[in-house]
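Have a look at the structure below, then the notes.
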Amino acid sequence: MSQDQAQVLSRGTNSAVVQLSGRAFPGIHLQGDTFAALLVQLADAARLLRLDPGNRAPLDELDDAVGELERFLGFYEATLSERGIRRPY
């Protein structure tokens, strides 16, 4: 097992912005259950759209998942801004 160091720059409800040693930019750490739930939500929506392209419910699920990812990105960007770190994109 590696003994690498990481600095937690900010903690959120189900995520954290973390700077790994040797990396130029921080990353986002998501709790495993949060990541798994997002993946299931996206996969289910894609499957349902393939079965019934006219069904609006999967698009609502996709919108919800995109909104969750946008909140994580906003948290990441706010943390970088507060610490004077430029975005990697």
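The sequence shown begins at 6 in my numbering and counts up one residue at a time.
Even glycine gets a Cβ: it sits at the ideal position worked out from N, Cα and C.
Computed from a predicted model, the values in this text were never measured in an experiment.
Non-local C-beta neighbours of Q36 in its own chain, meaning closer than 8 Å and more than five positions away in sequence, comprise N19, S20, ordered along the chain.
Check the Cα spacing between D68 and each of F80, S26, L47: the tightest is with L47.
Taking F30 as the centre and dropping the five residues before and after it, the same chain places the C-beta of P93 closer than 6 Å to its C-beta, in chain order. Between A41 and E66, the C-beta spacing is not below 7 Å. CA-CA distance, R88 to A62, rounds to 40 Å.
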